[in-house]
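Residue numbers (the working numbering), protein chains in the order written: chain A, 1 to 500; chain B, 501 to 1000.
In this text, a Cβ means the ideal position worked out from N, Cα and C, and glycines have one as well.
Keep in mind it's a predicted model, so treat the numbers as computed, not measured.
Notes to accompany the following structure.
There are 2 protein chains.
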Amino acid sequence: MDWIGQIHGMFQMLYATHARTGEPYGAALPSTSLADLDQATAQASTAFEVWQASDAATRAHLLQGLATALESERDTLVTTADAETGLGMARLNGELDRTAFQLRRFAQLVTAGAAFAHVDDPAVPGLPPAGHPALMRVRVPLGPVAMFAASNFPFAFSVLGGDTASALAAGCTVVVKAHNGHLHTSRLVFALIQTVLTAQGLPAGVVQMVQAEGFEIGVALIQHPRIAAGAFTGSTRGGLALQQAARERVRPIPFYGELGSINPVLATPTALALGGEALAQTLAASIALGCGQFCTNPGLLVLQRSPESVAFVQALVTALQAQQPHVMLTAGMRHAFDAGLVAQLQAGARALLHEPVADRAPRPALLEVDADPFLRHAVLRDEVFGPSSLIVWYDDTAQGHQVLHAVGGALTVTLWGMSEDTPAHRAWVRTAASVAGRVLFAGVPTGVAVSAGQQHGGPWPSSTAPFSTSVGDAALDRFLRPVAYQDAPAWLSACQGQPC
Amino acid sequence: MDWIGQIHGMFQMLYATHARTGEPYGAALPSTSLADLDQATAQASTAFEVWQASDAATRAHLLQGLATALESERDTLVTTADAETGLGMARLNGELDRTAFQLRRFAQLVTAGAAFAHVDDPAVPGLPPAGHPALMRVRVPLGPVAMFAASNFPFAFSVLGGDTASALAAGCTVVVKAHNGHLHTSRLVFALIQTVLTAQGLPAGVVQMVQAEGFEIGVALIQHPRIAAGAFTGSTRGGLALQQAARERVRPIPFYGELGSINPVLATPTALALGGEALAQTLAASIALGCGQFCTNPGLLVLQRSPESVAFVQALVTALQAQQPHVMLTAGMRHAFDAGLVAQLQAGARALLHEPVADRAPRPALLEVDADPFLRHAVLRDEVFGPSSLIVWYDDTAQGHQVLHAVGGALTVTLWGMSEDTPAHRAWVRTAASVAGRVLFAGVPTGVAVSAGQQHGGPWPSSTAPFSTSVGDAALDRFLRPVAYQDAPAWLSACQGQPC
């Protein structure tokens, strides 16, 4: 970077927007220059030397302190986030609870030794292949992680969200690229973090943050030589660009991108005959929840042509009409929602519910299409981010399987009506598991439990790393790389997988 | 592919070469056409429907049957492999033992339930974030795997090698791209597999094989829509090309590439004072073993300038001079070895032992360079495949750490002299672990135990997937993707992670 670029960066300012009014919100904020970015990564790198060697108690103490700090500033944080995102106080209070919960959960995990799990494989005397030297398989933290915050979770997938919590628990430091959709919320959370770090005598570089418009800072961050991994939650386009940047480094690094997903819901006529009315209410609420701005939003309904399915769809239209989605996160997303519906209609989908309005809050939409055109037109498999869903009608079971396979990769597939053990149901489970990271047999895919059994990440395009999860206990594994110590000296063996 | 291409493929033939004489070896073999490839993937895909649902006993029975079959044809296989590779009967008998051992080891692992490991996470009543539905995290096999055989292990990393064994144990089927360096050995092993499959009543598509010159078939295989993952052991150039092809698919798939590694060996003056003569003998044998054609060949010696180091190097030169490497695997590799040494010399390395010969068997070589030029010239960090090593001299400890960091990614780092617990030794362990998948504290990196604690795969460029291993029990994990079942019906929960 030349000095003109530096000066340019120094004088750029960022302006937040009020989500409901579209007016400017709060004071202008300084933009991170490339020189600032270099400084942030230098701090994260220096802090890594300390943090990678921290013990479980130190890590747990920090994570717990961060959870408490979040809660102590609840009112200010939630009010600010509501102004910047329009997600509403109830949802944002719940999201803050969840964020504190996952910080404390990783504190518990690291206390229980999850980051120090190891395989002790003592020497076996004799010649190979049966005989072998002593091996101890441990895991080492990767280094400073670049974390890209999401727009739709200003707490849970942002500065102090699950990626940051799991990276810290693993012994990595973090440089967050804040999302421009909630600049002030991010600043407040970052200030809280710094207060906790200072109070606990930890270096400021354990968590650093950058804020800027455009792609330049994000690409510079993921390509910075001091950065050892990237974690991203957001759009397919943004994720692919960052993945490409990570791959084009002199030394490519792991990149965990959680991108788009259309989350098919398949319901058998039997399930709909038994409880179609209630399912329609539940599904309508899930489609409209948070204005449909969830990566697990049910964007595809896969239904067999039958009287039960037709009755269900009628009930769903009625239930959706009663929903009142709130404003979308940004004007850009609001525009993209309308454009996405138009693209589906142009590709042959028919509108069952489509009420274009000029408001910042859209109306829910429901479209339908037959399996044949769905299988032919890839645009019908694109995610439409917002409160809408597309029904795909299939005639025979084989065609239904084809529809799921055509989706390719999804965070979730929901199967309603699999309670009996039949070959047909086993086949649906196999197909669903082959395209998704989570298969639900009841309820709706929105709402992702932070739990031991969770898997949030499926085959491409829903994730760039389908073996990993960004939610749940296994999220820790993304930031630890296995290393085998062969014939380790006694002092190193005694560490038992803990940092030495 | 058009019909001209089909006919072209049908009439192409492959010719094997005798490694020691360079003369043609055995009968001409038909080359796989693109139509044959499509047929092979179709068989692998159909067989996957059966094999993914197989139980532990069925998988173990196949793996054991394959091990027994290999041993029953030992003489023919080893004789053929020796003619095609020149690796010698002793080594090849040992490698066959190892290959049978790892097939049986995966049989044991799958019997012990490794492929069906799951996390049972019962429902917790109450509201989120603490309350959550029942989750069961299982793992599902990916689908048909494209396996690219290595030149330097005609059994252990070839048609029935570790990648095939671990993929079969995971419930995946396999399409092997045989290596052109041992065409007849591959044919014989493939025929054995087919006999065992038939005898056990399993479809031929559980393992398929393709053979052809050039890159076209390999790229077509990794890009075939029916292929779900790729596993490769070989050159950085070949691995990167296949990785790129895997990424350019409409749906990218996991690609496990084990590429080049220069495997630094660092010895403290104290360690060399204690046992330098014996270490020199051991290291010389490791450098020349198998004509240096191992991915774990010690290609870099990192030594502090000291009288002990100088004495060690003198002993190493003498020990290397006494080594008699056998012929290299192919004429191309033989040429590349000479060229690699010339490139190091041109970049400023000095020859301590360099005896260019026109023979198919090269002479061992030892070069040296100071840390400064090593840090400046990337070519000095390139792998030279063959019986040679490069000494890097450093003055102070900080420079030694810089040298290891400059290597970037390696399968192994060996540290001699770390027996005492000192801050300096802890720092060496941290640096070594940050660049390698395996850190040795005694012995030499050649010889990779097939064991519970093994990790064979380090940061780029030694591996494209440093979280995985191609040797040892954890190799199984590469072919299983986690899936969470939420609110699974009773019949599915009862499967406990086994295929339903």
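Per the DSSP calculation, residue 915 of chain B is bridged to which residue(s)?
B/766
Mind pulling the chain A residues with CB within less than 8 Å of residue 695 of chain B?
None at all; the shortest Cβ gap to chain A is about 24 Å.
Proximal residues to residue 70 of chain A (C-beta, below 8 Å), its chain only, five neighbours per side dropped:
77, 96, 99, 100, 103, 155, 160, 189 and 192
For residue 141 of chain A, which of helix, strand or coil comes out of DSSP?
Strand.
For residue 525 of chain B and residue 859 of chain B, I'd like the C-alpha separation in whole angstroms.
19 Å
Check whether the Cβ of residue 360 of chain A lies closer than 7 Å to any Cβ atom in chain B.
Under the Cβ distance rule, residue 360 of chain A does not count among the residues neighbouring chain B, no pair being separated by less than 7 Å.
Given 8 Å, three or more beta-carbon pairs between the stretch 625-632 of chain B and the stretch 462-477 of chain A
no
How many Å lie between residue 788 of chain B and residue 517 of chain B at the Cα?
23 Å
From B/734, B/781 and B/720, residue whose alpha carbon lies closest to that of residue 454 of chain B:
This structure cannot settle anything about residue 454 of chain B, because the visible part of chain B is limited to 501 through 1000.
Under 7 Å, Cβ to Cβ, is there at least one residue of chain A near residue 598 of chain B?
yes
Measuring CB to CB, does residue 852 of chain B end up less than 7 Å from residue 817 of chain B?
Taking 7 Å as the Cβ cut-off, residue 852 of chain B and residue 817 of chain B qualify as a contacting pair.
Terminal residues of the continuous alpha helix (DSSP H) containing residue 253 of chain A?
Annotation for residue 253 of chain A: no alpha helix (DSSP H) segment contains it, and DSSP assigns it neither H nor E.
Taking CB distances under 7 Å as the criterion, tell me whether residue 256 of chain A reaches chain C.
In the displayed structure, chain C is absent; the protein chains listed are A and B.
Have a look at A/331, A/330, A/376 and A/324 and flag the residue whose alpha-carbon is nearest the alpha-carbon of residue 355 of chain A.
A/324
Any C-beta of chain B sitting closer than 7 Å to the C-beta of residue 405 of chain A?
no
Classify residue 250 of chain A: buried if its beta carbon has 16 or more other beta carbons within 10 angstroms, exposed otherwise.
exposed
Secondary structure at residue 944 of chain B, three-state DSSP: helix, strand or coil?
coil
What first and last residue would you give for the alpha helix (DSSP H) that runs through residue 717 of chain B?
716-722
Is there at least one Cβ from chain B nearer than 7 Å to residue 132 of chain A's Cβ?
yes
Proximity to residue 473 of chain A [Cα-Cα], best of A/449, A/496, A/460 and A/90:
The shortest C-alpha to C-alpha distance from residue 473 of chain A to any of A/449, A/496, A/460 and A/90 is the one to A/449.
With a threshold of 8 Å on Cβ separation, who are the neighbours of residue 523 of chain B within its own chain once the five nearest residues in sequence on each side are excluded?
517
Between the beta-carbon of residue 1008 of chain B and the beta-carbon of residue 703 of chain B, is there less than 7 Å?
Given a span of 501 to 1000 for chain B in the structure shown, any question on residue 1008 of chain B remains unanswerable.
Return the Cβ separation of residue 984 of chain B and residue 454 of chain A in integer angstroms, given the expectation that the two are a contact with Cβ distance under 8 Å.
6 Å
Under 7 Å between the Cβ atoms of residue 1015 of chain B and residue 803 of chain B?
Residue 1015 of chain B falls outside the range modelled here, since chain B spans only 501 to 1000, and no answer is possible.
Beta-carbon spacing of residue 565 of chain B, residue 696 of chain B below 7 Å
Closer than 7 Å, so yes.
Tell me the DSSP secondary structure of residue 154 of chain A in three-state form.
Note: residue 154 of chain A maps to coil in three-state DSSP.
What whole-angstrom Cβ distance do residue 176 of chain A and residue 37 of chain A have, given they're in contact under 8 Å?
Between residue 37 of chain A and residue 176 of chain A the Cβ distance is about 12 Å, and since that is not below 8 Å, they are no contact.
Contact list for residue 943 of chain B against chain A, beta-carbon separation under 9 Å:
133, 486 and 487
Pairs of beta-carbons, one from the stretch 431-439 of chain A and one from the stretch 135-148 of chain A, closer than 8 Å: are there three or more?
no
With H, G and I counted as helix, E and B as strand and the rest as coil, what does DSSP make of residue 1001 of chain B?
The requested residue 1001 of chain B is not part of the displayed model; chain B covers only 501 to 1000.
Could you tell me the distance, in whole angstroms, from the CA atom of residue 504 of chain B to the CA atom of residue 928 of chain B?
The predicted model places residue 504 of chain B with a pLDDT of 46, which falls under 50 and marks its position as unreliable; any figure quoted below should be read in that light. Rounded to whole angstroms, the separation of the alpha carbons of residue 928 of chain B and residue 504 of chain B is 60 Å.
What does the alpha-carbon distance come out to for the pair residue 171 of chain A and residue 201 of chain A?
16 Å
Please classify residue 967 of chain B: does DSSP put it in a helix, a strand, or coil?
DSSP places residue 967 of chain B in coil when its eight states are reduced to three.
Range of the contiguous beta strand (DSSP E) that encloses residue 850 of chain B
850-853
From the DSSP output, in three-state form, read off residue 846 of chain B for me.
helix
Nearest neighbour of residue 342 of chain A, chosen from A/383, A/309 and A/361 [CA to CA]:
Nearest neighbour of residue 342 of chain A by Cα position, chosen from A/383, A/309 and A/361, turns out to be A/383.
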